[in-house]
Structure formats: structure tokens, C-alpha cells
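Asks:
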Amino acid sequence: MEAQLLQGKPVAEKLKTEIKAEFETLIRKIGMIPTIRAIQVGEEPASELYLKSQKKVAELLGVNHETTILAPSAAEKDLIGEIERANRDPKVHGIIVQMPLPKTFAVDRILDTIHSDKDVEAITMRNLGRLGVNKAGLAPCTARAVVRLIEETGVDVFGKEAVVIGSSKTVGLPAFLLLVGKKMTSMICHTGTFKAGTLEAHVRRADVLVVSAGKPAIIPGSWVKEGSIVIDVGINRVDGKTVGDVEFEPAKLRARFITPVPGGVGPVTTVMLYENLVTILKNRGN
37 MEAQLLQGKP VAEKLKTEIK AEFETLIRKI GMIPTIRAIQ VGEEPASELY LKSQKKVAEL
97 LGVNHETTIL APSAAEKDLI GEIERANRDP KVHGIIVQMP LPKTFAVDRI LDTIHSDKDV
157 EAITMRNLGR LGVNKAGLAP CTARAVVRLI EETGVDVFGK EAVVIGSSKT VGLPAFLLLV
217 GKKMTSMICH TGTFKAGTLE AHVRRADVLV VSAGKPAIIP GSWVKEGSIV IDVGINRVDG
277 KTVGDVEFEP AKLRARFITP VPGGVGPVTT VMLYENLVTI LKNRGN
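Reading the sequence shown from the start, the letters are residues 37 to 322 in the numbering used here.
#1: Answer with buried or exposed for residue 231, where buried requires no fewer than 16 other C-beta atoms within 10 angstroms of its C-beta.
#2: Taking residue 249 as part of the alpha helix (DSSP H), name the residues at either end of that continuous run.
#3: Just verifying my parser: in three-state terms, what is the DSSP assignment at residue 272?
#4: Give me, in chain order, the residues of the same chain whose beta-carbon lies closer than 6 Å to that of residue 108; leave out the 5 immediate sequence neighbours on both sides.
#5: Taking a contact to mean a Cβ-Cβ separation below 9 Å, would you say residue 148 touches residue 161 in this structure?
#6: Does the region 174-187 come into contact with the region 136-146, if we say contact requires no fewer than three beta-carbon pairs (one atom in each stretch) closer than 8 Å?
#7: So, at 6 Å on beta carbons, what are the nonlocal neighbours of residue 40 in its own chain, with the 5 sequence-adjacent residues on each side left out?
#8: According to DSSP, simplified to helix, strand and coil, what is residue 127?
#9: To the nearest angstrom, how far is it from the Cα of residue 126 to the Cα of residue 90?
#10: Give the range of the beta strand (DSSP E) segment to which residue 277 is assigned.
#11: Leaving out the 5 sequence neighbours to the left and right, which residues in its chain are closer than 8 Å to residue 222 when beta-carbon positions are compared?
#12: With a threshold of 16 other CB atoms inside 10 Å of the CB of residue 55, please say whether the residue is buried or exposed.
#13: Tell me the residue span of the alpha helix (DSSP H) that contains residue 238.
#14: Once the 5 residues before and after residue 158 are set aside, which same chain residues still bring their CB inside 7 Å of it?
#15: Looking only at DSSP bridge pairs, what is residue 225 linked to?
#16: Candidates 130, 120 and 169: which alpha carbon is nearest residue 146's?
#17: Is it true that the CB of residue 235 sits closer than 9 Å to the CB of residue 225?
#18: In this structure, does DSSP put residue 39 in helix, strand or coil?
#19: With 9 Å set as the bound, which would you pick, yes or no: does the beta-carbon of residue 215 sit closer than that to a beta-carbon of chain B?
#20: How is residue 60 classed by DSSP in three states: helix, strand or coil?
#21: Between the Cα of residue 101 and the Cα atoms of 303, 192, 128 and 123, which residue gives the shortest distance?
#22: Counting pairs of beta carbons, one from the region 294-310 and one from the region 255-268, are three or more of them closer than 8 Å?
#23: Can you tell me whether residue 160 is helix, strand or coil according to DSSP?
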């Protein structure tokens, strides 16, 4: 039997309805419309697409979305100054620094300039640290989308084995920590696992498999455990097509649930930005 496809769009639409209702309540409570400010250096086509998606969802939810675009020649100190201005502005509730940044910029230092209470993407060291000690209020958007799609299956994952492939601080690591928080028996695979030659053994045991390696079809479908949940975060271009990190066709014959690429994790990720904003506003109220 083929796996049930975990389509992101219907999940995202349901979330938008829920989040919009929360914003309406919060706006009445705080007496102002929440504002996200995105700061960008130069103009990048990929960044423009993400900005467009952010703005579209913001408009639907009744939230302000502002964009500050610095000149391509802007120095690192100019960007930090812009972030600090947004930190001080009481009318700005969430701050985003658009990627990519110039190669000479110290990205981690720049991101840690964002006040943790305005870190709507949850990528500062302080917010990631909170996640690590199971005190998460905010979590990176893609990692939250991964967990939300797992919840959408309705499967009881308590005590089940989760394997996360990829250890980035925006996807793999926070997804792993969120799954630990759901009391899953979790492990994370990375370059060391590849070099040790043990990746296949770990994948074959996974009741929940999350793949964010950034390499097309790095996980053969034959490795997927029968009846498992497969969340493919990968986005790769191969022969003019967008494909994931999992060999999709054979994998869907073994999994119980699987996300398609495109159309799985992506639609949910942008909405999670605004779920984080709801959390920020609630924390401010408390």
C-alpha cells in the first residue's frame, strides 16, 4: 500500500485560520497591529521569493510586514545598526535578517544582535539554548513545520524511534530537540555518521525519519522502515525538477506517511513564522 501524502498546503491553511483568530484576540489586548521588520542587504532573487511569501501571509493574518533594504555595498556595522534600531522600536515585534548575507559578514554575530524577544525566526543562540534545555517557547520555523506535520498524522509517537539526518542549527538540530521534547527516542546523524558507514542501519530503525541533508536522493527508498513517517526537508534541483533528499517513489511504497517535494514542509514553514510571533506577543503580555 502506498504512503499517505502529507501535503503541506491544507495544514498551512488550517494553521492560518487558527493563527488569525489568535492575532485578532492579541490585537484587541495590546491595542496595536503587530509588526515584523525584515532587513535585507542588496537584492537576491531567492530572498525576494521568501519575502513575497512572508508578506502574503502577513496580509492574510492582519499583521504588518515592513522591509528595509540596505545597499549591496553596506558594511556589517550598517546591518547591525539597523537591527539595533529595530530592537529599540516598540512598534516592531519581530525581526528577520534575510539570507544570504555577503560572504565577508559574520553571520552568527549579526544574528545574535537580534533581541531574543524579537527573534521571530528563533535563530539566536539564546533561543536555541532554551530549546536545548526543553524551555522552548520559540523554535526555528522549518523545525516547527516538521513537528507540526508529524502531529498531523495522528500517530502516537511517544517512545518511538526518531532519526534526524542533518545537524544544521535551523533545521536538523532544533527538529531533533523538539522530538526529544515529545519523548521520542531520538538521534541525529551527520557527517560523522556518513564516514562511519552506519547511516543505513540508523535509517532502517526509524519510526520517524526527518531528512535535511541537502543532497538529492541521499536516502534510498529501500532503507525506509515499513509503516514509518518520512519528512523530507530537502530541496534540490535535478534535471530541471525539484526533488528531495529521499528517493521518493520507492520510499512511498514502504512508508505510512511521506511529505512530497515540493509541497510538503515548505507551505507550513512560512506560517510558523507567525506562530512564533503569536508566542512573542503572548510572552510580552505575561
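Don't be surprised by glycine CBs; every beta carbon is placed ideally from N, CA and C.
Replies: The short version:
#1: Counting Cβ neighbours within 10 Å, residue 231 comes out exposed, since fewer than 16 surround it.
#2: Careful: residue 249 lies outside any alpha helix (DSSP H) and carries neither H nor E.
#3: Assigned with DSSP and collapsed to three states, residue 272 falls in strand.
#4: 78, listed in sequence order.
#5: In this structure, residue 161 lies closer than 9 Å to residue 148 by Cβ.
#6: Because the criterion of three Cβ pairs below 8 Å is not met, the region 174-187 and the region 136-146 do not touch.
#7: So the list reads 293, once near-sequence residues are dropped.
#8: Of the three classes helix, strand and coil, the one that applies to residue 127 here is coil, per DSSP.
#9: If you draw a straight line from the Cα of residue 126 to the Cα of residue 90, it is about 21 Å long.
#10: Segment 277-279, the beta strand (DSSP E) holding residue 277.
#11: The residues are 197, 198, 199, 200, 212, 215 and 216.
#12: Under this definition residue 55 is a buried residue.
#13: For residue 238, the enclosing alpha helix (DSSP H) begins and ends at 235-241.
#14: Shown here for residue 158: same chain residues with a beta carbon closer than 7 Å to its own, the five before and five after excluded, namely 174, 175, 176 and 312 in chain order.
#15: BP columns for residue 225 point to 201.
#16: Comparing alpha carbon positions, the residue from 130, 120 and 169 closest to residue 146 is 120.
#17: Yes, they are a contact pair.
#18: It is coil, neither helix nor strand.
#19: This model lacks chain B altogether; it includes just one protein chain.
#20: Reduced to three states, the DSSP call for residue 60 is helix.
#21: When only C-alpha atoms are compared, the closest one is 128.
#22: Contact holds: three or more Cβ-Cβ distances are below 8 Å.
#23: Residue 160: coil per DSSP, three-state reduction.
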